[in-house]
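To keep things clear, I will list the structure first and then write my remarks on it.
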Amino acid sequence: MKRIYSSAHLYGRYISVILRSTMQYKFSFFLMVTGRFILAFNGFLGILFLFSGFSTIREYTYGDILLCFSVIQMSFAFAECIGSGLKALSGMIRRGEFDRILLRPRSPILQVLGTKFELGRLGPMITSVLTLIIGILKSQAEWNFGKALVLAAMIAGGTVLFLALFILGASFCFFSIEDGGILNILTYGAKEHGKYPVDIYGKRFLQVCTYIIPYAMIQYYPLQYLLGKTEHWQYGLYPLASIVFLAVCYLIWLLGLKNYKSCGN
Amino acid sequence: MIVMDNVCKSYKVAKRNAGLKEACKALFHRETEEIQALKDVSFQIADGEMVGYIGPNGAGKSSTIKILSGILTPDRGTCSIDGRIPWKNRVEHVKQIGVVFGQRSQLWWDIPVVDSFELIKEIYSITTPAYKDSLEELTSLLQLEEILKTPTRQLSLGQRMRCEIAASLLHRPRLLFLDEPTIGLDAVSKLAVRDFIKKMNTEHGTTVLLTTHDMQDIEAIADRVILIGRGKVLLDGTLQDMKQLVKQENMEKKAEEGKNFKENEYIQADKYVEENANGEDKERFDNLDQVVAKLYRQLDIL
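One line per chain: the protein sequences are A and B, in this order. One point on numbering: in my numbering, the residue at position 206 of the first sequence is 226, and numbering is uninterrupted. One point on numbering: in my numbering, the residue at position 301 of the second sequence is 304, and numbering is uninterrupted.
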């Protein structure tokens, strides 16, 4: 418990240092916020235009899709804001900066996360909040307290899931000095496909997203529950599976770390 | 107490010829070559010793430092530092050591130095009174008062190196590894760094292991020199021992050359005269760089 507290405290200090540094590069911060905002807003426009031609897609209404879209956008923005240090890991290893991390008596992953905290990544948040509101109002869901909790769990679970994917991608850096191309397929792919409930891509795809990269757990299944499309109330608990996935990815990370130590860089 | 016992370490290095075609080939089939960075390296360093660790580029100096500091796991052999195995008890181990890499910074680039120090205090969980003590001492010894509030990126190399060294010592490690701490520094900064290291050793009994290419560093700091080449320890003794080794081999070589002189008059004659014309050995042995260069050549470890 004391360890967790001290880690959280240290993480807070890292963030404070990073924020103080980014204040010195205001223009770059502004650019990133704008860029990310436009990118996310484009996604929203795409959905808007799509629904000017159709009224439903596989029985999902405009509001349902926006709900799903906003959950994914929001969790991805949170995860990217916290986890951008992981994306920079391959560069750190190549430049030898990772050695310094191993020289300090703290968990390496905490220190890697502590190297970057990009508030600018929260640019899509503007779009996400907007679409979330429209989604909540216009979807087929009949809201109650439990469903609101499930919605929050979807966003939190999504953040955990994307963070886990970043960790997984970063772990590849320990085995090969090549950049994490695979990482991008996983994360950006999940983010792009995740705009829509994954079952619209077909059953096979749903299976992949359930058992392999489990983002159906934070998106498709709980959404079914929210929209009242299923009898299974358990679907509302599925976002918790993201924690299991995080644990698996963390184990792979530890394995990678061991490999790094035995072969250097 | 540091004990290295028959430590071996090899790396796999990808190998391919130049050219796009070769690069494409390497995509599918990668040829690797094994490079032995360390071959049966053994030595012991007692508490409070100051040891210079020298050798040409690529001799295995950095690998040794990395193993000693727990960043790398050796293939074979054992290493124990005050009873700890560095790569097994990493967290416990790194609390007791300080490492300075001359070519890399450990300070946060955009924030004032003192903010970096505070973060390090947090990382090492240094108590506030202990931190204040260390900071005060390091500030006065390394003359940091004026630069503490400057962001790292605005410091000169000499100023930055002084801060780097202070940053590595805030948690009062018993062991200090310095990897080329004076590289690129001007004369004044070099002297300041050397003096400081000696002071830490006399006042706190800090054990120092120093790698450098600057032989004056060694002369000023180290009582003992370990020479490594092609992954092997070739000499472990004092500077005097090192000079002796060069002298000896020099004599033997000259004797041999003297013999050749008769056989191959044309080529050897000039060389022989030149060698002797340089005056007696004494002068040459005052220039440590020449001694070391000669030694490297003699031992064929370049």
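Ideal Cβ placement from N, Cα and C applies to all residues, glycine included. These numbers were taken from a predicted model, which means no experiment stands behind them.
**Prompt:** A:Gly177: which of A:Phe89, A:Ser148, A:Trp253 and A:Leu266 sits nearest, CA to CA?
**Reply:** The shortest C-alpha separation from A:Gly177 is found at A:Leu266.
**Cβ-Cβ separation, B:Gly187 to B:Leu160 (assumed contact under 8 Å), whole Å** = Going by Cβ atoms, the distance from B:Leu160 to B:Gly187 rounds to 5 Å, so yes, they are a contact pair.
**Request:** Quick one: list the residues of chain A neighbouring B:Tyr127, beta-carbon separation under 7 Å, in chain order.
**Result:** Residues of chain A with a Cβ closer than 7 Å to the Cβ of B:Tyr127 are, in chain order, Pro125.
**Item:** Proximity test, Cβ basis, 8 Å: A:Gly116 and chain B
**Value:** Yes, A:Gly116 lies at the interface with chain B (some Cβ there is under 8 Å from its Cβ).
**Request:** Please classify A:Asp39: does DSSP put it in a helix, a strand, or coil?
**Result:** The sequence given here places Leu at residue 39 of chain A; Asp does not occur at that position. Correct three-state label for A:Leu39: helix.
**Prompt:** From the DSSP output, which residues share a beta bridge with B:Cys82?
**Reply:** Beta-bridge pairing links B:Cys82 to B:Met7.
**Selection of the stretch 119-150 of chain A by Cβ proximity to chain B, strictly under 7 Å** = Along the stretch 119-150 of chain A, going in chain order, the ones with a CB nearer than 7 Å to a CB of chain B are Asp119, Arg120, Leu122, Leu123, Arg124, Pro125 and Arg126.
**Message:** Let me check you understand the geometry: is the CB of A:Ser90 closer than 7 Å to at least one non-hydrogen atom of the ligand MN?
**Reply:** Among the components modelled here there is no ligand, and therefore nothing to report on the ligand MN.
**Prompt:** Taking Cβ positions only, does B:Lys98 come closer than 8 Å to chain A?
**Reply:** At least one chain A Cβ lies under 8 Å of B:Lys98.
**Prompt:** Which residues mark the beginning and the end of the beta strand (DSSP E) in which B:Tyr239 is found?
**Reply:** For the sequence presented, residue 239 of chain B should be read as Asp rather than Tyr. From DSSP, the beta strand (DSSP E) with B:Asp239 extends over Lys235 to Gly240.
**Request:** Taking all protein chains shown into account, decide if A:Ala60 is buried (16 or more other Cβ within 10 angstroms of its Cβ) or exposed.
**Result:** With 16 or more other Cβ atoms within 10 Å, it is buried.
**Message:** Considering just the uninterrupted stretch of the alpha helix (DSSP H) at A:Ala168, what are its terminal residues?
**Reply:** For A:Ala168, the enclosing alpha helix (DSSP H) stretches over residues Phe165 to Phe195.
**Request:** Take the Cβ of B:Trp111 as the centre, count every other Cβ of all protein chains shown within 10 Å, and call the residue buried at 16 or more, exposed below.
**Result:** Buried.
**Request:** Would you mind telling me which residues of chain A sit closer than 7 Å to B:Ser192, beta carbon to beta carbon, in chain order?
**Result:** What B:Ser192 touches in chain A, judged by beta-carbon distance under 7 Å, is nothing: the nearest beta carbon there is about 22 Å away.
**Item:** Under 8 Å between C-beta atoms of B:Val103 and B:Ser171
**Value:** Yes; because the gap between Cβ atoms is below 8 Å, this pair is in contact.
**Message:** Just to confirm, is the Cβ distance from A:Asp271 to A:Ile233 under 8 Å?
**Reply:** One detail in the question is off: residue 271 of chain A reads as Leu in this sequence, not Asp. Contact: no.
**Asked** When the Cα of A:Gly248 is compared with those of A:Cys269, A:Ile58 and A:Lys167, which residue comes out closest?
**Response** That would be A:Lys167, whose Cα lies nearest to the Cα of A:Gly248.
**Message:** Just checking: is the beta-carbon of B:Ala280 within a distance shorter than 8 Å of some beta-carbon in chain A?
**Reply:** Interpretation of B:Ala280 is limited by its pLDDT of 49, a score under 50 that renders its predicted location unreliable; the figure taken from the coordinates is listed afterwards. B:Ala280 does not count as touching chain A.
**Request:** Quick one: residues in its chain with C-beta nearer than 7 Å to the C-beta of B:Gln39, no 5 flanking neighbours on either side, listed in chain order?
**Result:** Excluding residues up to 5 positions away in sequence, Ser13 and Gly234 lie with their Cβ nearer than 7 Å to the Cβ of B:Gln39 in the same chain.
**Message:** Alpha carbons only, please: which of B:Gly232, B:Asp226, B:Asp303 and B:Val236 is nearest the one belonging to B:Glu52?
**Reply:** Ranking B:Gly232, B:Asp226, B:Asp303 and B:Val236 by Cα distance to B:Glu52 puts B:Asp226 first.
**Contact between the stretch 186-193 of chain A and the stretch 103-117 of chain A (3+ Cβ pairs under 8 Å)** = Flag = yes, the stretch 186-193 of chain A and the stretch 103-117 of chain A touch.
**Separation of A:Thr179 from A:Phe57, as counted between CA atoms** = Roughly 18 Å separates the two Cα atoms.
**Message:** Report the CB separation of A:Leu183 from A:Gly103 in whole angstroms; it is logged as a contact under 8 Å.
**Reply:** Confirmed, Cβ separation roughly 5 Å.
**Request:** Along the beta strand (DSSP E) that carries B:Glu36, what are the first and last residues, could you check?
**Result:** Going by DSSP, B:Glu36 is part of the beta strand (DSSP E) stretching over Glu34 to Ile48.
**Request:** Determine the closest residue to B:Val295 out of B:Ala258, B:Leu238, B:Lys256 and B:Glu259, with distance taken between C-alpha atoms.
**Result:** It is B:Leu238.
**Prompt:** Nearest-angstrom Cα distance between A:Ser282 and B:Ala223?
**Reply:** A straight line joining the alpha-carbon of A:Ser282 with that of B:Ala223 spans about 35 Å.
**Prompt:** Can you round the beta-carbon distance between A:Tyr240 and A:Pro217 to whole angstroms, since I take them to be within the 8 Å contact cut?
**Reply:** With a Cβ gap of about 5 Å, A:Tyr240 and A:Pro217 count as contacting.
**Message:** Any beta carbon from chain B within less than 8 Å of A:Val53's own beta carbon?
**Reply:** For A:Val53, not one C-beta of chain B is nearer than 8 Å to its own C-beta.
**Contacts that B:Gln247 makes with chain A (C-beta to C-beta distance below 7 Å)** = Here the premise fails: no neighbours, minimum Cβ distance about 35 Å.
**Prompt:** When DSSP builds the beta bridges, which residues end up paired with B:Leu230?
**Reply:** BP columns for B:Leu230 point to B:Ile57 and B:Leu238.
**Item:** C-beta atoms of B:Leu173 and A:Arg33 nearer than 8 Å
**Value:** Result no, Cβ atoms of B:Leu173 and A:Arg33 do not sit closer than 8 Å.
**Asked** Using a beta-carbon distance cut-off of less than 7 Å, what residues from the stretch 40-74 of chain A approach chain B?
**Response** If the cut-off is 7 Å between Cβ atoms, the stretch 40-74 of chain A has Arg40, Ser41 and Gln44 near chain B.
**Prompt:** Can you give the Cα-Cα distance for A:Arg23 and A:Ile238, rounded to whole angstroms?
**Reply:** Between A:Arg23 and A:Ile238, the C-alpha separation is close to 29 Å.
**Chain-ordered chain B contacts of A:Ser26 [CB-CB under 9 Å]** = The answer, in chain order, is Glu125 and Ser128.
**Asked** Are three or more beta carbon pairs between the stretch 70-79 of chain B and the stretch 245-254 of chain B nearer than 8 Å?
**Response** With the rule of 3 Cβ pairs closer than 8 Å, the stretch 70-79 of chain B does not count as touching the stretch 245-254 of chain B.
**Through-space distance from B:Gly105 to B:Val276, alpha-carbon basis** = Annotation note: pLDDT 49 at B:Val276 (below 50); position unreliable, coordinate value reported separately. The alpha-carbon of B:Val276 is positioned some 42 Å away from that of B:Gly105.
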